[in-house]
Amino acid sequence: MHVVRRASIVLALAAVALAAHHRDAGAVCSTRHLTVFEIHDTATLVAVVSVTRAPKPMSGGGDVDLVIHERLKGAPARTARARENAACTAGFYNVLVGKVAKTALVFIGADGEAVGYWSGVEEQPTPELMTAMRDWSQAADDAARVEILVTAIESSDAALGADAAYYLADEPRLLLRLAPAQVDRVAAKAGGDQWGPEIILTRLHGAHLKALRRRGGLPKDLAAIAKHDLERVSRPESLARIIERDRDPRSYRKVAALERCERVHGRRLERFSIYNSRYPDRARWRQLARACRTGTPLTSSRRPSPSGARRA
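So for the sequence shown, this note's numbering puts the first residue at 52; every next one is plus one.
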């Protein structure tokens with residue numbers, strides 16, 4: 052599905068959900084878009100499976116029996132049991148064709164349910180997605196993860212590329228590991244259907260950001276952040292004070308200060324899409340200022356570690 056570029060990162064993030072063809076399970080089950088890399092990080096089992104038993108839709112939920120053909124993450128086993136809850140289906144039943152079970156790439160959480168519901172069951176994963184997930188499961192360090200993400204950004208799988216860019220853009224720890232040649236590769240993907248590469252380049256500053264600004268290649272919110280050059284400010288206390296003193300709800304100075312603070316600490320303190328939207332109220336911004344001082348992420352921003360059991 053083609054997605055038109057947006058003038059807002061918030062809208063762009065919503066558009067990724069459409070580009071990634073994730074189906075809506077209904078308002079009661081709606082959640083923010085999870086990138087496939089987040090889904091992998093959250094899952095306790097990632098595997099290519101056959102579904103041999105699943106409850107019919109609207110049947111009140113129940114157990115799902117899986118035969119494992121390839122395990123990417125999780126404890127060694129030939130079979131596994133997942134479950135559909137009564138409210139939000141993941142579509143396991145759709146993988147069944149009569150008595151013949153198709154294969155699917157599944158991401159199962161600790162509760163036995165597919166992570167992100169429909170997002171956790173990929174009936175027809177692309178070769179690029181399978182390669183990325185295999186490599187992500189085996190990645191031993193951040194340098195390897197960065198290369199996997201950059202390669203995914205370059206891939207012909209548009210949904211995978213968008214997910215990789217947004218995941219990387221929201222992880223200061225990984226942004227700081229980008230080598231100059233990798234930044235060049237990300238910059239080559241700017242100007243596409245999603246804003247992920249532009250977010251990355253804005254957060255890194257440097258020559259590519261200057262070039263984007265000269266040719267008007269940034270949406271309004273990123274351009275507003277880029278106007279506030281705080282690269283010489285390296286003390287969290289100084290950045291926290293900027294956040295506290297900026298009381299203008301329309302100002303991006305506090306956004307730029309928090310973004311810089313995350314890179315100083317080398318960790319995410321809050322989701323970029325949340326604080327860049329300027330939705331947080333004054334109480335929330337005070338919490339973000341404290342997070343900047345201490346380097347302790349807000350609970351809502353914490354993401355599961357990508358590490359996990361690997362294939363034998």
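By construction, the Cβ of each residue, glycine as well, lies at the ideal position given by its N, Cα and C atoms.
If you're wondering where the values come from, they're calculated on a predicted model, not measured in any experiment.
Residue i burial status per 10 Å Cβ neighbour count (16 or more: buried)
| i | result |
| --- | --- |
| residue 184 | buried |
| residue 91 | buried |
| residue 78 | In this prediction, residue 78 scores a pLDDT of 46, lower than 50, which makes its location untrustworthy; the coordinate-derived value is nonetheless stated afterwards. Exposed is the call here. |
| residue 231 | exposed |
| residue 189 | exposed |
| residue 316 | buried |
| residue 247 | buried |
| residue 175 | exposed |
| residue 120 | exposed |
| residue 110 | exposed |
| residue 319 | buried |
| residue 212 | buried |
| residue 324 | buried |
Cβ separation of residue i and residue j, assumed to be a contact under 8 Å, to the nearest whole Å
| i | j | result |
| --- | --- | --- |
| residue 180 | residue 208 | 6 Å |
| residue 85 | residue 167 | 5 Å |
| residue 133 | residue 159 | 5 Å |
| residue 275 | residue 303 | 4 Å |
| residue 355 | residue 93 | 5 Å |
| residue 381 | residue 171 | Residue coverage of the chain in this structure runs from 52 to 363, which leaves residue 381 outside it and unanswerable. |
| residue 273 | residue 250 | 7 Å |
Residue i, DSSP secondary structure in three states
| i | result |
| --- | --- |
| residue 317 | coil |
| residue 104 | strand |
| residue 123 | strand |
| residue 172 | strand |
| residue 182 | helix |
| residue 345 | helix |
| residue 140 | coil |
| residue 281 | coil |
| residue 326 | helix |
| residue 334 | helix |
| residue 85 | coil |
| residue 302 | coil |
| residue 286 | coil |
| residue 190 | coil |
Residues bridged to residue i [DSSP beta-bridge criterion]
| i | result |
| --- | --- |
| residue 130 | 118 |
| residue 159 | 96, 165 |
| residue 135 | 113 |
| residue 154 | 101 |
Any non-hydrogen atom of the ligand GDP within 7 Å of residue i CB
| i | result |
| --- | --- |
| residue 232 | As far as ligands go, the structure on display features none, and thus does not contain the ligand GDP. |
**Request:** Let me know the alpha helix (DSSP H) ranges lying completely inside the stretch 214–270, each 4 residues or longer, listed in chain order.
**Result:** 223–226, 231–238, 247–255, 258–265
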